[in-house]
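For the sequence shown, my numbering gives the first residue as 262, with consecutive numbering after it. Backbone N, C-alpha and C define an ideal beta-carbon position, used for all residues, glycine too. Nothing here was measured: the structure is a model prediction, and the numbers come from that model. Right, one structure below, let's go through it.
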Amino acid sequence: MTRATKFLAVAAVLATILVGCSSKKPSRESAGTTPPASTQAPDAVEPQRDDAAAPAAPTVTATVAGGKIRTGMTYDEVVAQLGEPTTKMALGEMLQCAWEKDSSAVVVHFQDDKAMAVHYGGESSEAPAADAGKVAANFSKVKIGMSEDEVDKLLGPATKSGGAGDGDTAFAVKQWVAGDDVYVVTFMNGKVQVTHKEAGE
């Protein structure tokens, strides 16, 4: 076989391969037009999302000393669960009662003898005793509506502080221990609502 004959034979084989490859292109393209099975039935997932109902808001509860408190309970029902409150004070038409145990506390706001809001607070902090002279001299200057910063400037850092809630329902209680006396300021939404002094024995 001459060199020219070998060349023609190789060329014929290459031509056959190229023709065979080009003849398969249409079948690949047509196969590509068929969408994957996962995209053919999108409706199978949609009804599940549409039918899913939003979970109902849970009733606000708080627990301290084994008691379980819910909004709507009467004052007597709450006392039956938790005992007499540690502190009790009037906030306009509402009555604020607090139950403290160890590092936790429950504060309940009553109106018309019904629990309107229940706050559970575990956050608290404690500092050394306050400057007795400074607190005694300036406590009468604390006025309703003052901010926490204004009160801190008058009385210095609080000995104890704690609170719970957020936004318009946020509350905080700060105490200044000065000798045998305890000065207490309650804040609602960052503003003074109630002040009182607990005299030592």
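Taking DSSP's pairing of strands, which residues face residue i in a bridge?
i      : result
Thr447 : Val434, Val455
Thr335 : Lys375
Gln357 : Met350, His370
Asp442 : Ala439
Tell me which same chain residues have a C-beta within less than 7 Å of the C-beta of residue i, skipping the five on either side of it?
i      : result
Val412 : Val403, Val446, Val453
Pro308 : At Pro308, the pLDDT of 44 sits below 50, so the modelled position is not reliable; the number obtained from the coordinates is stated separately. The answer is none, since no qualifying residue turns up.
Met334 : Ala376
Tyr336 : Phe371, Asp374
Met350 : Gln357, Thr447, Val455, His457
Looking only at its own chain, which residues have a Cβ that is under 6 Å from the Cβ of residue i, when we skip the five neighbours before and after it?
i      : result
Arg310 : Confidence in Arg310 is poor, its pLDDT being 46 and thus under 50, which makes the residue's placement unreliable; the coordinate value appears in the next sentence. For Arg310, where only same-chain residues beyond five positions count, there are no Cβ hits under 6 Å.
Trp437 : Ala391, Val396, Leu416, Ala419, Thr420, Tyr444
Ile405 : Val453
Met407 : Val453
Leu356 : Phe371
Thr456 : Val403, Val446
Phe400 : Tyr444
Ala393 : Ala439, Gly440
Thr348 : Ala359
Just curious, the alpha helix (DSSP H) that residue i is in, first and last residue?
i      : result
Ala397 : 393-399
Val412 : 409-416
Looking at C-alpha atoms only, which residue of the options is the closest neighbour of residue i?
i      : options                        : result
Gly451 : Glu345, Ala359, Asp410, Lys458 : Asp410
Ala439 : Thr347, Gly423, Glu459, Trp360 : Glu459
Lys362 : Pro346, Ser401, Phe400         : Pro346
Trp360 : Gly423, Ala431, Met449         : Gly423
Ignore the nearest five residues each way along the sequence and tell me which others in residue i's own chain have a CB closer than 8 Å to its CB.
i      : result
Leu352 : His370, Thr447, Met449, Gln454, Val455
Glu528 : Nothing about residue 528 can be reported from this structure: the residues present for the chain run from 262 to 462 only.
Can you determine whether any heavy atom of the ligand ADP sits closer than 7 Å to the C-beta of residue i, and answer yes or no?
i      : result
Val379 : For the structure depicted, the ligand ADP is absent and the ligand set is empty, with no information on it obtainable.
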